[in-house]
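*Asks:*
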Ligand code: AMP
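Residue numbers (the numbering used here): 270 to 557.
1. Please classify residue 305: does DSSP put it in a helix, a strand, or coil?
2. Classify residue 401 as helix, strand or coil using the three-state DSSP reduction.
3. Out of curiosity, what's the CA-to-CA distance linking residue 499 and residue 556?
4. Below 8 Å, how does it come out for the region 367-376 and the region 324-333: are there three or more Cβ pairs, yes or no?
5. Quick one: give me the first and last residue of the beta strand (DSSP E) that residue 232 is part of.
6. Under 6 Å Cβ to Cβ from residue 560, same chain only, skipping five residues before and after it: list those, please.
7. With 16 as the cutoff for other CB atoms within 10 Å, does residue 325 come out buried or exposed?
8. Whole angstroms is fine: what's the gap from residue 482's alpha carbon to residue 469's?
9. Pick out every residue whose C-beta is nearer than 6 Å to a heavy atom of the ligand AMP: which are they, in chain order?
10. Could you tell me whether the Cβ atoms of residue 547 and residue 472 are closer together than 7 Å?
11. Shortest alpha-carbon distance to residue 517 belongs to which of 405, 545, 439?
12. Might you give, ordered along the chain, the residues of its own chain that have their beta carbon closer than 8 Å to the beta carbon of residue 283, omitting 5 neighbours on each side?
13. Leaving aside the five residues before and after residue 422 along the sequence, list all residues of the same chain whose C-beta is less than 6 Å from its C-beta, in chain order.
14. Give me, in chain order, the residues of the same chain whose beta-carbon lies closer than 8 Å to that of residue 397; leave out the 5 immediate sequence neighbours on both sides.
15. Could you tell me if residue 527 is buried or exposed, where buried requires 16 or more neighbouring beta carbons within 10 angstroms of its beta carbon?
16. CB-CB under 8 Å to residue 474, same chain, minus the five flanking residues each way: which ones, in chain order?
17. What is the DSSP secondary structure of residue 331, counted as helix, strand or coil?
18. Tell me the rounded alpha-carbon separation between residue 357 and residue 287.
19. Cα separation between residue 363 and residue 497?
20. Only counting runs of 3 or more residues, tell me where the beta strand (DSSP E) segments fall wholly within the region 456-493, in order along the chain.
21. Taking the Cβ atom as the reference point for each residue, do residue 311 and residue 461 lie within a distance shorter than 7 Å?
22. Compute the distance between the beta-carbons of residue 490 and residue 503, then report whether it is under 7 Å.
23. Would the region 407-414 and the region 289-297 be scored as touching if the rule is three or more Cβ pairs under 8 Å?
24. In the DSSP assignment, the alpha helix (DSSP H) including residue 433 goes from what residue to what residue?
25. Using 10 angstroms around the beta-carbon of residue 418, count the other beta-carbons present and answer buried if the total reaches 16, otherwise exposed.
26. Check each candidate in 293, 292, 522, 345 and name the one with the smallest Cα separation from residue 307.
27. DSSP puts residue 454 in a beta bridge; with which residues?
28. Suppose you measure from the CA of residue 479 to the CA of residue 521; what does that come to, to the nearest Å?
29. My assumption, with CB atoms under 8 Å, is that residue 386 sits in contact with residue 402. Please give the rounded CB distance.
30. Should residue 388 go down as buried or exposed, given a rule of 16 or more other Cβ atoms within 10 Å for buried?
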């Protein structure tokens, strides 16, 4: 007898249908976990769904390519979308419900409120992508209010985003536990990303050098070398390897994202980097 195909993943597209399902689970005393995504799912996303499953009885995932976190010259239109594939992967990872709202459901006409987080949103990607974190903070605030989970899981891959979300949840008293999940990587160290699909065959091995460069900075900083020299050497190495632009390579204090250095660092360090390879913008970070 052949195995029966997995049941299709229950999918809701409106806030009221999402709330109705979550309320029914709550009446049964179940704990709700939530994993927001923009789809084009890979093992990194699925690892977060599995992690949420260890913290909750039912895991909800959202797939929403959020227009407000893309700049005017960024890849909103080109961003890969394949809901049927995503739903199959989510079901296989133990997700119980997919929330896949339209842009109109998320931003009805007249929507005019934006959440901005000062401090942690400002450096790094905050400078390289003006408006990006306001878009992220607004959509994540909405998603958390819509789903009202007990626990929400976000990837350390987007380390600054995780810091922004932790801050806004504290500042706005949103009753949810935020959990960070480790970065899933390819064998050569490249952080898995939906945007890796943009890389050409020739660019793919070069892309792994971003992670290698960040590791090098961390090793040097840990050995007591001056922070700025280590950062500058990494930028030069990336440009020499074929990256066309490096937005930043910086060692920062993990909790606050304040600058480390310029001298030798003492205390915890996170090294964050963003660089363009052809048409692909890659980000990564590592710490110890
Ligand atoms: P995205 O679909 O890119 O918006 O990402 C959705 C969630 O998955 C975010 O919390 C990301 O930080 C997380 N994520 C993306 N890539 C990875 C990865 N390689 N490992 C772990 N989590 C990831």
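Backbone N, C-alpha and C fix where the C-beta goes; we use that ideal spot for every residue, glycine too.
*Replies:* Short version:
1. Taking the first residue of the chain shown as position 1, residue 305 is located at position 36. Strand at residue 305.
2. Here residue 401 corresponds to residue number 132 of the chain shown, with the count starting at 1. DSSP places residue 401 in helix when its eight states are reduced to three.
3. As a first step, residue 499 is located in the chain shown; it is residue number 230 there, counting from the start. As a first step, residue 556 is located in the chain shown; it is residue number 287 there, counting from the start. When rounded, the distance between both Cα atoms is 15 Å.
4. yes
5. Outside the shown range of the chain (270 to 557) lies residue 232, about which nothing can therefore be said.
6. This structure leaves residue 560 out entirely; the chain is present only between 270 and 557.
7. To locate residue 325, count along the chain shown from 1; it is residue 56. Label assigned to residue 325: buried.
8. Your numbering for residue 482 matches position 213 in the chain shown. Your numbering for residue 469 matches position 200 in the chain shown. Taking the straight line joining both Cα atoms gives about 20 Å.
9. 306, 307, 313, 314, 316, 317, 423, 424, 426, 427, 450, 452, 453, 460, 461, 462, 463
10. For the purposes of this step, residue 547 is taken as residue 278 along the chain shown, with counting starting at 1. For the purposes of this step, residue 472 is taken as residue 203 along the chain shown, with counting starting at 1. Going by C-beta atoms, residue 547 is nearer than 7 Å to residue 472.
11. Against the chain shown, residue 517 aligns to sequence position 248. For residue 517, the nearest C-alpha among the options comes from 545.
12. Numbered from its first residue, the chain shown carries residue 283 at position 14. 370, 374.
13. Against the chain shown, residue 422 aligns to sequence position 153. The residues are 304, 317, 320, 321, 448, 450.
14. In the chain shown, the residue the question calls residue 397 occupies position 128. So the list reads 516, 517, 543, once near-sequence residues are dropped.
15. The count along the chain shown starts at 1 and reaches residue 527 at position 258. The residue in question, residue 527, is exposed, as its Cβ has fewer than 16 Cβ neighbours within 10 Å.
16. One-based indexing of the chain shown puts residue 474 at position 205. Taken in chain order, the residues that qualify are 457.
17. Numbered from 1 along the chain shown, position 62 holds the residue referred to as residue 331. In the structure shown, residue 331 sits in a strand (DSSP, three-state: E or B).
18. Position 88 of the chain shown holds residue 357. Position 18 of the chain shown holds residue 287. The straight-line gap from Cα to Cα measures roughly 19 Å.
19. Mapped onto the chain shown, residue 363 falls at position 94. Mapped onto the chain shown, residue 497 falls at position 228. One C-alpha to the other measures close to 44 Å.
20. none
21. Locating residue 311 in the chain shown gives position 42, where the first residue counts as 1. Locating residue 461 in the chain shown gives position 192, where the first residue counts as 1. Against a cut-off of 7 Å, the Cβ pair of residue 461 and residue 311 comes out as a contact.
22. Locating residue 490 in the chain shown gives position 221, where the first residue counts as 1. Locating residue 503 in the chain shown gives position 234, where the first residue counts as 1. No, Cβ-Cβ distance for residue 490 and residue 503 is not below 7 Å.
23. no
24. Against the chain shown, residue 433 aligns to sequence position 164. 428-440 is the extent of the alpha helix (DSSP H) around residue 433.
25. Against the chain shown, residue 418 aligns to sequence position 149. When all chains shown are included, residue 418 counts as buried.
26. For this step, residue 307 is matched to residue 38 along the chain shown. When each option's Cα is compared against that of residue 307, the closest is 345.
27. Position 185 of the chain shown, counted from the first residue, corresponds to residue 454. DSSP lists 460 as partners of residue 454.
28. Your numbering for residue 479 matches position 210 in the chain shown. Your numbering for residue 521 matches position 252 in the chain shown. If you take the alpha carbons of residue 479 and residue 521, they lie about 17 Å apart.
29. The residue given as residue 386 occupies position 117 in the chain shown. The residue given as residue 402 occupies position 133 in the chain shown. With a Cβ gap of about 6 Å, residue 386 and residue 402 count as contacting.
30. To locate residue 388, count along the chain shown from 1; it is residue 119. With fewer than 16 other Cβ atoms within 10 Å, it is exposed.
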